[in-house]
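Report on one structure; see the data block that follows.
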Amino acid sequence: MGMRHVVHRTAWALTIGAILVHSSGRHAAAEEHSPEAAIRAMVRANAEKDMAALSRLMAHDSDIISYTIGGRKYVGWPDIERDMLEEFGSAAELDLPIRELKVWTKGDLAWYTMELDYIRTVVQDQKSQRALLPLRETGVLERRDGQWVLLSWHESFRNSGGAVQLADETSHDASVRPTVVSQNGETDLSGEWTILEVEDNKTYKATLDKAGNGPYSQQGGRFITTKLEDRAWHGTWHQTGNDREGGFEVLLSEDGAQAKGVWWYTRVGDKKNIPPRQWGGTYIWKRIAPAPPIGEPAPGVTK
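Here the sequence shown stands for residues 1 to 303, where the numbers follow the UniProt record's numbering.
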């Protein structure tokens with residue numbers, strides 16, 4: 001169900017709301033008497049960013065476990081709520097058309113299978129970017145005091161490629177130059193980069209020095225490069241805003257204009273020693289401002 005990004009994201013935040021219920025007066029209350037109608041109302045709640053309805057109609061049991069895209073795992077409600085709020089804040093518009101939904105009921109329990117398209121629009125530099133996440137989902141609901149609530153779900157992509165771009169990405173600056181070599185013969189990574197987390201279609205910017213270190217505009221984040229060898233770029237990331245950290249490994253293109261690879265968590269709050277590469281996602285980096293001439297600082301970076 002939706003959802004970032006443990007990851008992210010995310011990712012999960014992207015879809016967990018997909019199954020949660022929206023209510024508005026007597027009409028919504030009537031809908032919730034049917035598990036299928038409740039699921040459809042939940043999808044609308046996600047699209048309408050109705051956090052109050054999602055909270056009310058999702059079980060808050062502390063031991064409930066759910067899984068979503070990017071290998072993310074949620075235990076209880078607080079992590080889900082945080083990532084959903086982050087998703088609602090980052091996406092300008094959400095649309096979740098249901099392609100297929102089947103529901104089975106026995107007593108006070110119901111279970112379902114669903115296929116839906118999670119379409120999110122983000123706005124960056126006054127330009128809109130749309131992406132489609134083709135999802136499939138299974139889950140369980142329980143009727144409590146006459147109201148159906150979501151207990152647990154498992155969500156994954158229907159395809160092998162993950163998110164699909166529905167509009168052209170903003171092209172990077174045509175003046176980006178090939179990889180710059182500094183005076184000591186080392187690759188110069190300085191400049192402004194756009195960072196795309198593919199699974200969640202989340203984009204932010206990083207401003208790096210020539211060694212590949214610097215801040216990025218996501219949760220007070222900062223990248224530190226630990227190794228660059230034969231275009232294989234290794235490093236760590238840390239976000240003070242949501243108290244998370246991890247690592248990354250990307251392959252720098254021959255012209256130094258972009259890099260592609262993976263990222264992962266090593267710590268989320270007090271959850272430490274997360275095995276590298278167990279939870280994470282895919283990166284696409286693009287240099288949108290050219291590396292400066294040798295001896296000059298990158299934009300936004302002081303000597």
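Here a beta-carbon is modelled for each residue, glycine too, at the ideal position from N, C-alpha and C.
Q. Would a C-beta distance cut-off of 8 angstroms place residue 310 and His234 closer than the cut-off?
A. With the chain covering only 1 through 303, there is no way to say anything about residue 310.
Q) When burial is assigned at 16 or more other CB atoms within 10 Å of the CB, is Pro35 buried or exposed? A) For the purposes of this step, residue 35 is identified with residue 35 of the sequence shown, where counting begins at 1. In this structure Pro35 is buried. Its beta-carbon is surrounded by 16 or more other beta-carbon atoms within 10 angstroms.
Q | Identity of the residues DSSP links to Gly191 by a beta bridge | A | As a position in the sequence shown, residue 191 is number 191, starting the count at 1. Partner(s): Leu208.
**Q.** Buried versus exposed call for Trp153 [16 or more other C-beta atoms within 10 Å across all chains shown]
**A.** Counting from 1 along the sequence shown, the entry for residue 153 is found at position 153. Buried, since its Cβ has 16 or more Cβ neighbours within 10 Å.
Q. CA-CA distance, Val21 and Asp63?
A. In the sequence shown, residue 21 corresponds to position 21, counting from 1. In the sequence shown, residue 63 corresponds to position 63, counting from 1. For Val21, the pLDDT reaches just 32, beneath the cut-off of 50, and the residue's location in the model is therefore unreliable, leaving the point undetermined.
**Q.** Three-state secondary structure assigned by DSSP to Ala110
**A.** Within the sequence shown, residue 110 is the residue found at index 110, counting from 1. Look at Ala110 here: in three-state DSSP terms it is strand.
(Q) Going by C-alpha to C-alpha distance, which of Ala232, Asp200, Gly220, Gln218 sits closest to Thr187? (A) To locate residue 187, count along the sequence shown from 1; it is residue 187. Closest by alpha carbon: Ala232.
Q | Span of the alpha helix (DSSP H) around Ser55 | A | Translated into positions along the sequence shown, residue 55 becomes position 55. Judged by DSSP secondary structure, Ser55 falls within the alpha helix (DSSP H) whose first and last residues are 51–56.
Q. Helix or strand or just coil, what does DSSP make of Leu85?
A. As a first step, residue 85 is located in the sequence shown; it is residue number 85 there, counting from the start. Leu85: helix per DSSP, three-state reduction.
**Q.** First through last residue of the beta strand (DSSP E) which encompasses Pro215
**A.** To locate residue 215, count along the sequence shown from 1; it is residue 215. Where Pro215 is concerned, the enclosing beta strand (DSSP E) stretches over 214–216.
Q.
Based on DSSP bridge pairs, tell me the residues matched to Trp264.
A. In the sequence shown, the residue the question calls residue 264 occupies position 264. Answer is Gly247, Gly280, bridged to Trp264.
**Q.** Whole beta strand (DSSP E) elements within the region 120–166, 3-residue minimum
**A.** 127–144, 147–157, all fully within the region 120–166.
Q. Going by DSSP, what residues sit across from His234 in a beta bridge?
A. Numbered from its first residue, the sequence shown carries residue 234 at position 234. Residue pairing by DSSP puts His234 in a beta bridge opposite Lys227, Glu249.
Q | Residues of its chain near Val198, where Cβ-Cβ distance is below 8 angstroms and the 5 sequence neighbours each way are ignored | A | If you number the sequence shown from 1, residue 198 lands on position 198. Here the set comprises Gly162, Ala163, Gly281, Thr282, Tyr283, Ile284.
Q) Any idea if Ser217 is buried or exposed, counting beta-carbon neighbours within 10 angstroms, 16 or more meaning buried? A) Numbered from 1 along the sequence shown, position 217 holds the residue referred to as residue 217. Its Cβ having fewer than 16 others within 10 Å, Ser217 is exposed.
Q: Tell whether a beta-carbon distance below 8 angstroms holds between Ala91 and Arg44.
A: Numbered from 1 along the sequence shown, position 91 holds the residue referred to as residue 91. Numbered from 1 along the sequence shown, position 44 holds the residue referred to as residue 44. Between Ala91 and Arg44, the C-beta gap is not smaller than 8 angstroms, which leaves the two residues out of contact.
Q. Does DSSP put Glu100 in a helix, in a strand, or in coil?
A. Position 100 of the sequence shown, counted from the start, is the residue given in the question as residue 100. Looking at Glu100 - three-state DSSP - the assignment turns out to be strand.
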